[in-house]
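Chemist: When you read off a place in the sequence shown, starting at 1, and then add 111, the result is the number in the numbering used here.
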Amino acid sequence: MQPQAFYRAVADDFSAVDGIIKKQLTSRVPLVSKIGDYITSAGGKRLRPLLVLLCGKALGREGDDLRLLAATIEFLHTATLLHDDVVDMSGMRRGRSTANAMWGNAPSVLVGDFLYSRSFEMMVELGSMPVMKILSQATRIIAEGEVLQLSKVRDASTTEETYMEVIRGKTAMLFEASTHSAAALAGATAEQAEALRTFGDHLGVAFQLVDDLLDYKGDADTLGKNVGDDLAEGKPTLPLIYTMREGTPEQAALVRQAIQKGGIEDLESIRAAVEASGSLDYTAQLARDYVARAIKCLEALPASEYRDALVELSEFAVARTH
112 MQPQAFYRAV
122 ADDFSAVDGI
132 IKKQLTSRVP
142 LVSKIGDYIT
152 SAGGKRLRPL
162 LVLLCGKALG
172 REGDDLRLLA
182 ATIEFLHTAT
192 LLHDDVVDMS
202 GMRRGRSTAN
212 AMWGNAPSVL
222 VGDFLYSRSF
232 EMMVELGSMP
242 VMKILSQATR
252 IIAEGEVLQL
262 SKVRDASTTE
272 ETYMEVIRGK
282 TAMLFEASTH
292 SAAALAGATA
302 EQAEALRTFG
312 DHLGVAFQLV
322 DDLLDYKGDA
332 DTLGKNVGDD
342 LAEGKPTLPL
352 IYTMREGTPE
362 QAALVRQAIQ
372 KGGIEDLESI
382 RAAVEASGSL
392 DYTAQLARDY
402 VARAIKCLEA
412 LPASEYRDAL
422 VELSEFAVAR
432 TH
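(1) In chain order, what residues of the same chain have a beta carbon less than 6 Å from the beta carbon of SER230, not counting five sequence neighbours either side?
(2) Using C-beta distances below 8 Å, list every residue in its chain close to PHE117, excluding the 5 sequence neighbours before and after it, in chain order.
(3) Whose C-beta lies closer than 7 Å to the C-beta of ALA306 among residues of the same chain, with five residues either side of it excluded?
(4) The alpha helix (DSSP H) spanning PRO141 covers which residue range?
(5) Buried or exposed, going by whether 16 or more other CB atoms sit within 10 Å of the CB of ARG251?
(6) Tell me whether TYR417 is buried or exposed, calling it buried when 16 or more other Cβ atoms sit within 10 Å of its Cβ.
(7) Go through its chain and collect everything with a Cβ distance to ALA397's Cβ below 7 Å, but skip five positions before and after it.
(8) Taking the continuous alpha helix (DSSP H) assigned at LYS134, which residues delimit it?
(9) By Cβ distance, which residues of its chain are closer than 6 Å to GLU344, with the 5 residues on each side in sequence left out?
(10) Between ASP124 and LEU261, what straight-line distance do the alpha-carbon atoms span, to the nearest angstrom?
(11) Is the separation between the beta-carbon of LEU136 and that of VAL163 shorter than 8 Å?
(12) Taking the straight line between their C-alpha atoms, what separation do you get for ALA364 and MET355?
(13) In chain order, what residues of the same chain lie with their CB nearer than 6 Å to the CB of GLN362, ignoring the 5 residues before and after it?
(14) Please state whether DSSP places MET275 in a helix, a strand or coil.
(15) Rounded to whole angstroms, how far is the Cβ of ARG367 from the Cβ of ALA267, which I believe are closer than 8 Å?
(16) Taking only the alpha-carbon atoms, compute the straight-line gap between LEU392 and ASP176 and give it to the nearest angstrom.
(17) Please say whether LEU192 and ARG207 have beta carbons closer to each other than 8 Å?
(18) How far does the alpha helix (DSSP H) with LYS328 in it reach, from first residue to last?
(19) Classify ARG251 as helix, strand or coil using the three-state DSSP reduction.
(20) Relative to the C-alpha of ASP435, which residue among ILE375, ARG399 and ALA153 is closest?
(21) Take ARG382 as the anchor and find which of VAL429, VAL402, ARG399 and ASP326 has the nearest alpha-carbon.
(22) Residues in its own chain within less than 7 Å of ARG159 by CB, not counting five upstream and five downstream?
(23) Go to ASP266, then tell me how far its alpha helix (DSSP H) extends in each direction, as first and last residue.
(24) Compare the Cα-Cα distances from TYR227 to each of SER239, MET240 and LEU246 and report the closest residue.
(25) In angstroms, rounded to a whole number, what distance separates the CA positions of HIS194 and THR209?
(26) Output the boundary residues of the alpha helix (DSSP H) element that contains SER239.
(27) Would you mind giving the Cβ-Cβ distance between LEU378 and PRO350, rounded to the nearest angstrom? I have them listed as a contact below 8 Å.
(28) Determine the closest residue to LYS328 out of GLY223, SER380 and VAL143, with distance taken between C-alpha atoms.
(29) Please return the same chain residues whose Cβ sits closer than 7 Å to the Cβ of MET234, not counting the five positions on each side in sequence.
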């Protein structure tokens, strides 16, 4: 259990969600259970199921359905991680080898499919058509976001607008689906449901902005992944886009060439250019702006320890180092 107060507010529910995850991972095929257990036990923050619990309880919802929804969201997230690591050819996540590095691409993709399928079985068990509509649409949008990102790999002409479209799809959408589906399950008013949907979107954008910032500011031991992974894959993230737009001609040319060829041979030069251009400060400030807007949305909720925990969680999202 994490020490932050926002976990303590729903500690019992969080433990119950872990139990549901372990139970739902059971398969008659041992390798499915083995890979599923490996990736779900990797020690991630589990922010998305946490958002489900906090948002639901902030609206007065209790019980097994809320916990099942939280587990469903985690299965969707875990499925995307398995597929992402194959697409990105990643060898490290959360400080240890990825599933594809351990067992190969084909088992990782297929177990990702299993987790997607299991999550939809869990949605059916919930029996809420509004929740199913939110999550099924979210799954499609996430896939579109990943494909859009893939189409922009090694494209140095990618704009900030397109970058924001990518991260809204591939990352913020599942945050939004977590908060929006919890509101739907809790029978929120239209105003509260829209406020929580927007809250999830803004928080998810901020979270990804910080992730992209840390790719040039962090270190592998702290991040739990290789520094410069985005650059190695030729992904034009905001720190790079801003440097090409606002940096010196030399800085812009260096970054443009690095994106087009991929690899991390020039990583230290790129990190220096990104720092000197002011792009890290720009990205960090944008993340703070999104979090401030997210917190503003929470005014639609009644005062409670759960609303307070959502505020603290939002502040953590931009203050984190990994």
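All C-beta atoms in this analysis are idealised placements derived from N, C-alpha and C, irrespective of residue type, glycine included.
Modeler: In short:
(1) Answer for SER230: THR183, PHE186 and LEU187, listed in chain order.
(2) Cβ neighbours of PHE117 beyond the five flanking positions: LEU161, LEU165, ALA420, LEU421, GLU423, LEU424 and PHE427.
(3) For ALA306, where only same-chain residues beyond five positions count, the Cβ hits under 7 Å are CYS408 and ALA411.
(4) That run of the alpha helix (DSSP H) goes 141 to 151.
(5) Classification for ARG251: exposed.
(6) Burial of TYR417 is indicated by the presence of at least 16 other C-beta atoms within 10 angstroms of its C-beta.
(7) Inspection of the sequence shows that residue 397 is occupied by Leu rather than by Ala. The residues are LEU320.
(8) Counted as a single uninterrupted DSSP element, the alpha helix (DSSP H) harbouring LYS134 occupies residues 122 to 135.
(9) For GLU344, where only same-chain residues beyond five positions count, the Cβ hits under 6 Å are ASP199.
(10) Between ASP124 and LEU261, the C-alpha separation is close to 37 Å.
(11) No. Outside cutoff.
(12) For ALA364 and MET355, the distance between alpha carbons rounds to 7 Å.
(13) Hits under 6 Å: THR354, ALA384 and SER388.
(14) Helix, per DSSP.
(15) Correct: roughly 4 Å between the Cβ atoms.
(16) Note that residue 392 is Asp in the sequence shown here, rather than Leu. Approximately 42 Å, taken between the alpha carbons.
(17) It is not a contact, given that the beta carbons lie outside the stated cut-off.
(18) From DSSP, the alpha helix (DSSP H) with LYS328 extends over 301 to 328.
(19) Helix.
(20) The requested residue 435 does not occur in the structure, where the chain is confined to residues 112 to 433.
(21) When VAL429, VAL402, ARG399 and ASP326 are compared, the shortest CA-CA separation from ARG382 is found for ASP326.
(22) Around ARG159: ILE184, GLU185, HIS188, LEU285, PHE286 and SER289.
(23) Per DSSP, ASP266 lies in no alpha helix (DSSP H) and is assigned neither H nor E.
(24) The shortest C-alpha separation from TYR227 is found at LEU246.
(25) Taken atom to atom, the span from the alpha-carbon of HIS194 to that of THR209 is near 11 Å.
(26) First-last for SER239: undefined, no H or E at that position.
(27) In this structure LEU378 is not in contact with PRO350, their Cβ atoms being roughly 13 Å apart against a cut-off of 8 Å.
(28) It is SER380.
(29) Cβ within range, chain order: THR183, VAL242, MET243 and LEU246.
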